[in-house]
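Residue numbers (my numbering): 1 to 387.
C-beta atoms are modelled at their ideal positions from N, C-alpha and C, and glycine is treated no differently.
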Amino acid sequence: MRTRVGIIGAGPAGLTLAHLLRLHGIDSVVLEARSREYVERRVRAGVLEHPTVELLREAGVAERLDREGMPHHGLSLRFDGADHRIALTDLTGKSITVYGQQEVVKDLIAARLDAGEPIAFEVSDVRPHDVETDRPYITYVDADGTRRRLDCEVIAGCDGSHGVSHTVAPSATHAHDYPFAWLGVLAKAPPSHSELIYTHHERGFALHSMRTPEITRLYLQVPPEERIENWSDERIWDELGRRLTADGFTLTTGPILEKGITTMRSVVTEPMRHGRLFLAGDAAHIVPPTGAKGMNLAIHDVSVLAEALARYFGEGRTDLLDAYSDTCLRRVWRAQHFSWWMTSMLHQAPGADDFQRRLQLSQLRYTATSTAAATSLAENYVGLPYK
């Protein structure tokens with residue numbers, strides 16, 4: 001089988017790239033290790049930046065997003081037992097939209113299949129080959145157990161931090177491990193607040209978010225070695241209630257549908273290109289979830305790559321492809337700094353002394369009361385312009 005662009009991974013990065021390429025008249029094949037049901041149910045990020053929403057609208061895949069997404073015009077920093085609202089829209093003229101990553105994936109899969117374009121689910125033993133030549137190819141085993149070869153001109157590695165693509169590229173990796181993790185739950189309970197709440201508490205960080213008007217997403221800071229078996233539903237709700245407490249606030253509880261623990265890392269791979277192999281999304285970088293940047297960075301990566309490939313295939317230009325890594329990494333490092341800053345300001349670091357804790361509170365109070373500081377947070381949170 002032959003195609004122009006072989007895409008490894010059917011997450012937001014791979015599917016968005018495939019869709020953008022189709023709009024440019026460039027054929028591609030998407031290979032995915034998991035089943036369609038799995039990738040459409042996998043709960044991940046849920047905050048879309050303003051530029052991400054605009055791109056999905058321009059690409060014609062935002063009809064359900066506009067109907068079911070939940071626009072937010074602010075967020076709360078909760079500390080000292082009170083809310084301090086950051087007015088995102090008043091400060092920037094832009095907003096964010098709460099719409100689950102799995103919903104974005106559903107929309108993109110439906111658009112691709114409706115257009116008669118291929119996605120090969122449940123493939124295994126995926127291997128990129130000859131990426132340093134002008135005739136790269138991918139070998140894999142399809143769902144029926146048949147070994148296949150996909151010849152292409154370019155390979156896009158969109159298969160995440162556990163995929164094969166990043167292992168092929170001899171890149172430098174910059175990494176930082178954080179001394180805490182997040183215990184996340186998905187609960188069948190209406191949100192307790194109309195906006196996201198980022199909480200700095202002496203017992204540890206907590207986050208109140210949502211996915212729909214009926215489903216709440218909540219997080220607790222825990223040690224990285226913590227085990228989910230130690231957390232009963234009752235204990236989770238009790239700890240959330242302690243950390244999210246504030247005057248006039250009542251935490252709405254309900255059945256917990258999912259729960260798990262995620263360790264927190266920052267990772268950047270440089271460069272994001274090796275020959276004809278281009279890395280995008282988590283295959284190239286990972287950010288702590290505090291800044292809500294992971295999916296948004298992935299979609300920015302492939303928007304840059306799609307435009308570069310359109311110029312390459314349409315006009316023979318290589319300048320945008322040559323600049324791909326540098327272009328993406330400028331935004332990646334900005335997002336890494338913002339995510340690190342939010343994480344450092346809001347979490348309780350193990351072993352922190354009273355001086356460090358008071359510095360955190362000083363930063364929070366300044367951010368909540370200074371228009372300049374609040375605007376800096378807001379413009380990073382809603383998403384910097386793509387160009």
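Review point. Shortest alpha-carbon distance to Gln-348 belongs to which of Ser-28, Glu-226, Cys-152, Leu-220?
Key: If you compare the alpha carbons of Ser-28, Glu-226, Cys-152, Leu-220 with that of Gln-348, the shortest gap goes to Leu-220.
Review point. What is the rounded straight-line gap between the Cα of Trp-120 and the Cα of Leu-244?
Key: Note that residue 120 is Ala in the sequence shown here, rather than Trp. For Ala-120 and Leu-244, the distance between alpha carbons rounds to 44 Å.
Review point. Which of helix, strand or coil does DSSP assign to Thr-173?
Key: Reduced to three states, the DSSP call for Thr-173 is strand.
Practice item. Can you tell me which of the three DSSP states Ser-209 falls into? Key: Ser-209: strand per DSSP, three-state reduction.
Exercise for review: Starting from the N-terminal side, write out each stretch of the alpha helix (DSSP H) that is 4 residues or longer and does not extend beyond the segment 55-117.
Suggested key: Listed in chain order, they are 63-68, 88-92, 101-114.
Review point. I think Val-164 touches Arg-127, with their Cβ atoms under 8 Å apart; what is that distance to the nearest whole Å?
Key: Yes, Val-164 and Arg-127 are in contact; Cβ-Cβ is about 7 Å, under 8 Å.
**Study point:** Nearest to Ser-344 (by Cα), restricted to the options Ala-298, Glu-379, Pro-289, Leu-297
**Key:** Here the closest residue by C-alpha is Pro-289.
Check your understanding: Does the segment 183-190 come close enough to the segment 223-240 to have 3 or more Cβ pairs within less than 8 Å?
Key -> They touch, by the three-pair rule.
Point to revise | Residues bridged to Ile-261 (per DSSP) | key: In DSSP, Ile-261 forms a bridge with Leu-183.
Review point. So Tyr-366 is in the alpha helix (DSSP H); what residue range does that whole segment cover?
Key: Where Tyr-366 is concerned, the enclosing alpha helix (DSSP H) stretches over 354-369.
Review point. Would a check of beta-carbon distances place Thr-3 closer than 7 Å to chain D?
Key: In summary, chain D is missing from the structure at hand, where a single protein chain is found.
**Study point:** For Pro-404, the first and last residue of its enclosing alpha helix (DSSP H)
**Key:** Coverage of the chain is limited to positions 1 through 387, which leaves residue 404 absent and any answer about it impossible.
**Study point:** Beta-bridge partners of Ala-156, as assigned by DSSP
**Key:** Note: Ala-156 sits in a beta bridge opposite Ile-7, Phe-278.
**Study point:** Euclidean distance between Cα positions of Val-104 and Leu-65
**Key:** Cα to Cα, the separation comes out at about 8 Å.
Point to revise | Check whether His-166 and Ala-368 have beta carbons under 7 Å apart | key: Their beta carbons are not under 7 Å apart, which means His-166 does not touch Ala-368 by this criterion.
Review point. What's the C-alpha gap between Asp-282 and Gly-69?
Key: Straight through space, the alpha carbons of Gly-69 and Asp-282 are spaced by roughly 24 Å.
Check your understanding: Hey, how far is the Cα of Met-438 from the Cα of Leu-359?
Key -> Shown here, the chain extends from 1 to 387; a query on residue 438 therefore has no answer.
Practice item. Go ahead and pull the three-state DSSP assignment for Arg-317. Key: DSSP places Arg-317 in coil when its eight states are reduced to three.
Point to revise | Member of Leu-377, Ala-310, Thr-139, Glu-226 whose CA lies at the smallest distance from the CA of Thr-263 | key: When the alpha-carbon of Thr-263 is set against those of Leu-377, Ala-310, Thr-139, Glu-226, the nearest one is in Glu-226.
Review point. Going by the beta-carbon positions, is the gap between Tyr-386 and Pro-51 smaller than 7 Å?
Key: It is a contact, given that the beta carbons lie within the stated cut-off.
Point to revise | For Leu-384, the residue or residues it bridges with in DSSP | key: In DSSP, Leu-384 forms no bridge with anything.
Review point. Considering only residues of the segment 7-36, which uninterrupted beta strand (DSSP E) runs meet the minimum length of 3 residues and lie entirely inside it, listed in chain order?
Key: Runs of the beta strand (DSSP E) inside the segment 7-36: 28-31.
Check your understanding: Using the C-alpha atoms, what's the distance from Phe-338 back to Val-380?
Key -> It is Asn, not Val, that sits at residue 380 in the sequence shown. Asn-380 and Phe-338: Cα-Cα distance of roughly 7 Å.
Review point. When you compare each of Arg-112, Asp-144, Pro-223, Gly-383 to Val-29 by their alpha carbons, which one comes out closest?
Key: Measuring from the Cα of Val-29, the nearest candidate turns out to be Arg-112.
Check your understanding: In three-state DSSP terms, what is Gln-348?
Key -> Residue state, collapsed to three classes: coil.
Check your understanding: Is it the case that the Cβ atoms of Asp-27 and Val-61 are separated by a distance below 7 Å?
Key -> The Cβ-Cβ distance between Asp-27 and Val-61 does not fall below 7 Å.
Check your understanding: For the 8 Å Cβ check, are there 3 or more pairs between the segment 13-28 and the segment 296-316?
Key -> At 8 Å Cβ cutoff, the stretches touch.
Review point. For Gly-260, is the classification buried or exposed, using 16 other Cβ atoms within 10 angstroms of its Cβ as the cut-off for buried?
Key: For Gly-260, the number of other beta carbons within 10 angstroms of its own is below 16, and it is reported as exposed.
Practice item. Measure the CB-CB distance between Val-141 and Asp-159 and report whether it falls below 7 Å. Key: Not closer than 7 Å, so no.
Exercise for review: With a floor of 4 residues, list each alpha helix (DSSP H) that falls wholly inside the segment 196-243, ordered by position along the chain.
Suggested key: Segments of the alpha helix (DSSP H) lying fully in the segment 196-243: 233-243.
Point to revise | Status (buried if at least 16 other CB within 10 Å, exposed otherwise) for Thr-318 | key: Counting other Cβ atoms within 10 Å of its Cβ, Thr-318 stays below 16 and is therefore classed as exposed.
Check your understanding: Taking Leu-257 as the reference, which of Glu-270, Lys-293, Arg-211, Thr-250 has the closest Cα?
Key -> The shortest Cα separation from Leu-257 among Glu-270, Lys-293, Arg-211, Thr-250 belongs to Arg-211.
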